[in-house]
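If you use this note's numbering, the sequence shown corresponds to residues -18 to 76, in order. Using N, Cα and C, we set each Cβ at its ideal position, and we do this for glycine too. Since the model is a prediction, treat every value here as computed from it, not as a measurement. Structure first, then comments.
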Amino acid sequence: GYITGNRRATLGSMEEEWGTLMFFMNKHEDKGRGRGGPEKLAIFGPERARKGTELKVMSGVETKSPGHFTKGVRNRESDRHGFDSERIVFREDEV
């Protein structure tokens, strides 16, 4: 898959980099069915590490399938106290 890599190597390197543990949450009856469909990924670890891992996974998927996460995305400013994330959308000429 996009994220698992050969023998789970890509997932393993992300887990090591961020100090997290990840599992795909497929239902037993879904295993072995067609490839390319969405899968749920559970990420365990400290909050900041989970968010870093999530963003790295999203970046990998976005690289292989442009627009998967970024199509229609808008700026988002947080009003939450403590750890959170915000989005700033750049124009093509700003990248």
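State yes or no: is the C-beta of residue i within less than 8 Å of the C-beta of residue j?
| i | j | result |
| --- | --- | --- |
| R55 | V76 | no |
| T51 | E43 | yes |
| K45 | M(-5) | no |
| G63 | G26 | no |
Between the alpha carbons of residue i and residue j, how many angstroms are there, rounded?
| i | j | result |
| --- | --- | --- |
| L2 | A23 | 8 Å |
| N77 | E28 | Past the edges of the chain, shown from -18 to 76, lies residue 77, and the structure says nothing about it. |
| I(-16) | A30 | 17 Å |
Let me confirm a value: residue i is counted as buried when at least 16 other C-beta atoms fall within 10 Å, else exposed. Which label applies?
| i | result |
| --- | --- |
| L(-8) | buried |
| M78 | In this structure the chain extends from -18 to 76, so residue 78 is not present and cannot be described. |
Kindly indicate which three-state DSSP category residue i falls into: helix, strand or coil?
| i | result |
| --- | --- |
| M6 | coil |
| R(-11) | helix |
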